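First the structure, in the form of structure tokens, and then the observations on it.
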Amino acid sequence: MIVTKFGGSSLSCGTQFKKVKNIIEACPDREVVVVSALGRRESVDNKLTDLLYLLHAYVRHGVNHDQIWETITQRFYAIKQELELDVDLKGELDFLKSEMLAQKVSEDYLVSRGEYLTAKLMADYLGYDFVDARRLIIFHPNGSLNLDASKKAIEKHLPKGKKAVVPGFYGAYPNGEIKLLNRGGSDITGAVLAFGLNAVKYENWTDVPGVLLADPRVVKDPVTVPELSYEELGQLSYMGASVLHEETIYPIRNLNIPIHIKNTNDPEAAGTVIGGTQSHSTGIAGIAGKKNYTLLTIHKSYLAAEVGLLRKTLEIFERFQVHVEHCPTGIDHLGMIVATDAIQHCRFELLEALKNELSADKVRIKDGIVLLTVVGRKNTEAGLMTKVFSSLEKRKIPINLITQGPKGLHMILGIDDNDYHTAIQSLYEDLVI
Ligand code: ASP
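Each step along the sequence shown adds one to the number in numbering that gives the first Met the number 0, with nothing skipped, and position 31 is 30.
What follows is the structure, encoded as structure tokens:
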């Protein structure tokens, strides 16, 4: 059986629902369907999840919420009417409103209703059972996902052969209280279900042709990568490529369940297969970049020889609860790359602590760093590094730092914010075309 997940853009209106139905009916193995909440119909529209967060804020602060409630409910009614569905939407919405007015709903609960009601509509439309994610996706009391308990629950509530629609993005604590995953978390719901059901494949249907070799906002019509390994995808999505939630691969990589990214608006297109057998993977796997990093450089003569200095430095960052992304080192200096946001609360105290506690000669801070990654492949020709450097050199783009993955398959370069577009375009031209 195949677990099939549809993102919000594949569910924005009745026309998109029809495309989903055609896709499901084209293959009887598509037994379990996961849905996000209704997405944007056009670029000026709102995602339902964003509206629900806003609704919760209005209710909490006692702001009149009639208008936003109307906007939200109309989105569901429009689909019910267009597709002539039987689902008792009025009953569901009246109940939700009464709970909301009695201040009985948490933010997580209210926001989860986007996926819940979308799944109710879709189950009715496909003639599948609705199975609530509250029963299937189980969290530990500390808020992390409990994969073992989820697997048991999935096996119990989704026996072999059952055709079901499951809402994405949420699950429950052992006491039944609803908890959301992170934004974009329906991808993870699909992966947990594929894991629990030992699916042959996890299909993730979206509105792009697959994983693109570079950011389409920077490079015009970049090529789609036909295949990626889990590791390559993990590296690219951690570094800013935004096709799948970066945690999607973890539940399924050990079972080697392939993820197939497909386009709901062009179902015949090949898409991208992640995992699987990797038959024609050549060239590079991708180029990605993430903005808003800060480089802190600790200068001290011959610090490379000082035993324990790295530990002491990391302990200071830990004390300020700042996650260090990379630490490029030299003989007399130690660099620490952190997200700029992460040090907003402690910028000056952190600099003080580094200078004093490490007896540093000086500590420099530089904002506006972009981290670029170029992910190679096992059989990428030697000399990728040279090509990357000469490409950036040709455009006179200074490199602030370099780190390389342990297997040499990917490298990370720190460059200035204003060089971002030129660097990506240049790398694409020199390494891909
Ligand atoms: N609807 C949620 C969001 O907008 C979850 C998802 O789409 O995966 O983040």
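We treat Cβ as the ideally placed atom computed from N, Cα and C, and that holds for glycine. The structure presented is a predicted model; accordingly, all values stated were derived computationally and were not measured.
Neighbour-count burial assignment, Tyr301, 16 or more Cβ in a 10 Å radius:
exposed
Just to check my reading of the structure: Ile336 and Glu324 have Cβ atoms closer than 8 Å, yes? What is that Cβ distance to the nearest angstrom?
5 Å
What do you get for Glu202, buried or exposed, if any count of 16 or more other CB atoms within 10 angstroms of its CB means buried?
buried
How close, in whole Å, do the beta carbons of Val33 and Lys4 come, if the pair is a contact with beta carbons under 8 Å?
4 Å
With DSSP run on the structure shown, which of helix, strand or coil describes Met121?
helix
What's the gap between the Cα of Glu356 and the Cα of Thr312?
9 Å
DSSP-derived helix/strand/coil call for Ala163
strand
Inspect the beta-carbon positions of Tyr229 and Gly183 and report whether they are closer than 8 Å.
no
Spatial neighbours of Gly209 in its chain, beta-carbon cut-off 8 Å, leaving aside the 5 residues before and after
Thr223, Val224, Pro225, Val242, Ile260, Lys261, Asn262, Ala268, Ala269, Gly270 and Thr271
Host beta strand (DSSP E) of Tyr76 (start-end)
Counting along the chain, Tyr76 falls outside any beta strand (DSSP E), though it belongs to the alpha helix (DSSP H) covering Asp65 to Leu82.
Look at Arg40 and Lys46 and say whether their C-beta atoms are less than 8 Å apart.
no
Going by Cα to Cα distance, which pick from Leu54, Val374 and Gly329 is closest to Ala213?
Val374
Just to check my reading of the structure: Val191 and Leu146 have Cβ atoms closer than 8 Å, yes? What is that Cβ distance to the nearest angstrom?
7 Å
Do you know whose CA, among Leu408, Leu295 and Asn417, lies nearest Val362's CA?
Leu295
Cβ-Cβ distance between Ile414 and Val217 below 8 Å
no
Continuous beta strand (DSSP E) assignments of at least 3 residues falling wholly in the stretch 193 to 256
200 to 205
Proximal residues to His332 (C-beta, below 8 Å), its chain only, five neighbours per side dropped:
Thr296, Ile297, His298, Lys299 and Leu302
Could you name each continuous alpha helix (DSSP H) segment of 4 residues or more that falls completely within the stretch 21 to 68, going from the start of the chain to the end?
47 to 59
State yes or no: is the C-beta of Lys261 nearer than 7 Å to some heavy atom of the ligand ASP?
no
Measuring straight from C-alpha to C-alpha, what distance separates Asn264 and Phe168?
23 Å
Given Asp416 as reference, the closest of Ser389, Gly288 and Ile248 once Cα atoms are compared
Gly288
Could you give the C-beta distance for Lys18 and Ser9, rounded to a whole number, given that I count them as a contact under 8 Å?
7 Å
Can you tell me whether Gly170 is buried or exposed, with buried defined as 16 or more other CB within 10 angstroms of its CB?
buried
Counted within 10 angstroms of its Cβ, other Cβ atoms place Gln15 as buried (16 or more) or exposed
buried
Can you look up Val110 in the DSSP assignment and give me helix, strand or coil?
helix
Taking 7 Å as the line, does the beta carbon of Gly437 fall inside it for any heavy atom of the ligand ASP?
Beyond the ends of the chain as shown, which are 0 and 432, falls residue 437; an answer cannot be given.
Ala436: which of Ala148, Ser389 and Tyr124 sits nearest, CA to CA?
Any question about residue 436 goes unanswered here, given that the chain covers just 0 to 432.
How far does the beta strand (DSSP E) with Gln403 in it extend, from its first residue to its last?
Leu400 to Gln403
Grouping DSSP H, G and I as helix and E and B as strand, with all else coil, what is Met335?
strand
Please list the terminal residues of the continuous beta strand (DSSP E) segment that includes Phe5.
Ile1 to Phe5
Contacts around Leu50, its chain only, beta-carbon distance under 7 Å, and the 5 residues preceding and following it disregarded:
Ile67, Thr70 and Ile71
Report yes if the C-beta distance between His344 and Gln234 is below 8 Å; otherwise report no.
no
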